[in-house]
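A short worksheet on the structure shown next.
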Amino acid sequence: DTEVTQTPKHLVMGMTNKKSLKCEQHMGHRAMYWYKQKAKKPPELMFVYSYEKLSINESVPSRFSPECPNSSLLNLHLHALQPEDSALYLCASSQEYRDPYEQYFGPGTRLTVT
Amino acid sequence: DQQVKQNSPSLSVQEGRISILNCDYTNSMFDYFLWYKKYPAEGPTFLISISSIKDKNEDGRFTVFLNKSAKHLSLHIVPSQPGDSAVYFCAASLLGGGATNKLIFGTGTLLAVQP
Numbered sequence: 005d006t007e008v009t010q011t012p013k014h015l016v017m018g019m020t021n022k023k024s025l026k027c028e029q030h031m032g033h034r035a036m037y038w039y040k041q042k043a044k045k046p047p048e049l050m051f052v053y054s055y056e057k058l059s060i061n062e063s064v065p066s067r068f069s070p071e072c073p074n075s076s077l078l079n080l081h082l083h084a085l086q087p088e089d090s091a092l093y094l095c096a097s098s099q100e101y102r103d104p105y106e107q108y109f110g111p112g113t114r115l116t117v118t
Numbered sequence: 002d003q004q005v006k007q008n009s010p011s012l013s014v015q016e017g018r019i020s021i022l023n024c025d026y027t028n029s030m031f032d033y034f035l036w037y038k039k040y041p042a043e044g045p046t047f048l049i050s051i052s053s054i055k056d057k058n059e060d061g062r063f064t065v066f067l068n069k070s071a072k073h074l075s076l077h078i079v080p081s082q083p084g085d086s087a088v089y090f091c092a093a094s095l096l097g098g099g100a101t102n103k104l105i106f107g108t109g110t111l112l113a114v115q116p
């Protein structure tokens with residue numbers, strides 16, 4: 005099983021809403037990632053979790069709050085977002101110890117902030 | 002500062018011919034390079050990778066070449082097929098603290114394979 009699943013596929017939220025994005029993998033990977041991708045741009049790293057601990061925060065605004073409840077699940081909690089936060093949010097996972105260090109991506113959640 | 006660059010935003014190739022996608026990088030500390038393929042409304046899909054200790058890796062129709070002295074890598078697809086039409090991202094890996102893999106992506110090249 006090389007699948008990373010993400011829910012929901014699409015999300016529309018107002019600037020005062022609170023919502024969460026979910027990501028799940030069952031490949032036994034110990035690193036999980038959140039990326040943000042705007043149209044015609046490369047994915048930009050937001051957060052990295054390694055062994056369920058936050059390892060990297062790429063200076064992301066606090067209105068984005070990640071959570072890793074266990075080694076298979078990754079959440080991204082959203083609160084008081086701005087319209088410019090509208091983007092495709094991608095989750096990925098990777099096996100840390102072995103070569104190669106490929107990251108496997110989910111299909112993404114298309115977020116629209118109104 | 003863009004550490005990984007794909008200078009061709011688009012490429013059009015005839016079916017059956019070779020597609021060559023190029024990527025340049027600036028950071029000599031990168032130790033692993035990957036190519037991802039992305040269809041619209043989907044996440045990137047891993048295609049092929051190469052370690053910095055090698056200069057070539059082949060997988061079926063896909064071959065990646067690495068020229069470390071020039072800080073350049075390329076992806077060759079032969080023969081090209083219409084289903085290969087997608088955006089191709091080059092990515093470089095930089096080992097971060099705690100052995101966490103951090104990928105730096107290029108800006109992507111849109112490949113169109115004409116039947």
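So the sequences go chain by chain: A and B.
Letter 28 of the first sequence, counting from 1, is numbered 32 in our numbering, and no numbers are missing.
Letter 80 of the second sequence, counting from 1, is numbered 81 in our numbering, and no numbers are missing.
Note that beta-carbon positions come from the ideal geometry of N, C-alpha and C, so glycine has one too.
How would you write the range of the beta strand (DSSP E) that residue i sits in, first residue to last?
i: Thr110 of chain B; result: Thr110 to Gln115
i: Met36 of chain A; result: Ala35 to Gln41
i: Tyr55 of chain A; result: Per DSSP, Tyr55 of chain A belongs to no beta strand (DSSP E) and is neither H nor E.
i: Leu78 of chain A; result: Leu77 to His83
i: Ile19 of chain B; result: Segment: none, Ile19 of chain B is in no beta strand (DSSP E) and carries neither H nor E.
i: Asp60 of chain B; result: Lys57 to Asp60
i: Ala42 of chain B; result: Unbroken run through Ala42 of chain B: none, as it is neither H nor E.
i: Phe66 of chain B; result: Phe63 to Asn68
i: Val8 of chain A; result: Val8 to Thr11
i: Arg114 of chain A; result: Thr113 to Val117
i: Asn74 of chain A; result: Phe68 to Asn74
i: Val16 of chain A; result: His14 to Met17
i: Lys23 of chain A; result: Lys22 to Gln29
i: Phe109 of chain A; result: Gln107 to Phe109
Does chain A have any CB closer than 8 Å to the CB of residue i?
i: Phe66 of chain B; result: no
i: Gly84 of chain B; result: no
i: Leu104 of chain B; result: yes
i: Leu12 of chain B; result: no
i: Gly107 of chain B; result: yes
i: Gly99 of chain B; result: Bear in mind that the predicted position of Gly99 of chain B carries a pLDDT of just 48, short of 50, making it unreliable; the figure below should be weighed with that in mind. It does: the Cβ of Gly99 of chain B has a partner Cβ on chain A nearer than 8 Å.
Which residues in chain B have a C-beta closer than 8 Å to the C-beta of residue i? List them in chain order.
i: Gly32 of chain A; result: Here the premise fails: no neighbours, minimum Cβ distance about 15 Å.
What in chain A is Cβ-close to residue i, meaning under 8 Å?
i: Thr110 of chain B; result: Within chain A, no residue comes near Thr110 of chain B; the closest Cβ sits about 11 Å away, beyond 8 Å.
i: Phe90 of chain B; result: Pro46 and Pro47
Since residue i and residue j should fall inside the 8 Å C-beta cutoff, what is the C-beta to C-beta distance between them, to a whole number of angstroms?
i: Leu25 of chain A; j: Tyr39 of chain A; result: With a Cβ gap of about 12 Å, Leu25 of chain A and Tyr39 of chain A do not count as contacting.
i: Leu112 of chain B; j: Ala87 of chain B; result: 6 Å
i: Lys38 of chain B; j: Asp25 of chain B; result: The Cβ separation is near 19 Å, so there is no contact.
i: Met17 of chain A; j: Gln86 of chain A; result: Not a contact, Cβ separation roughly 11 Å.
i: Tyr33 of chain B; j: Ser50 of chain B; result: 6 Å
i: Ser54 of chain A; j: Arg34 of chain A; result: 7 Å
i: Thr113 of chain A; j: Pro12 of chain A; result: 6 Å
i: Gln15 of chain B; j: Gln82 of chain B; result: Contact flag wrong, Cβ pair sits at about 11 Å.
Would you say residue i reaches chain B, if we count a Cβ-Cβ gap shorter than 8 Å as a contact?
i: Leu77 of chain A; result: no
i: Glu106 of chain A; result: yes
i: Phe68 of chain A; result: no
i: Phe109 of chain A; result: yes
i: Leu94 of chain A; result: yes
i: Val52 of chain A; result: yes
i: Gly18 of chain A; result: no
i: Arg102 of chain A; result: Low per-residue confidence applies at Arg102 of chain A: pLDDT is 49, beneath 50, and the placement is therefore not dependable enough to give any value.
In the segment 27–49 of chain B, which residues sit with their C-beta less than 8 Å from some C-beta in chain A, listed in chain order?
Tyr33, Leu35, Tyr37, Ala42, Glu43, Gly44, Pro45, Thr46 and Phe47
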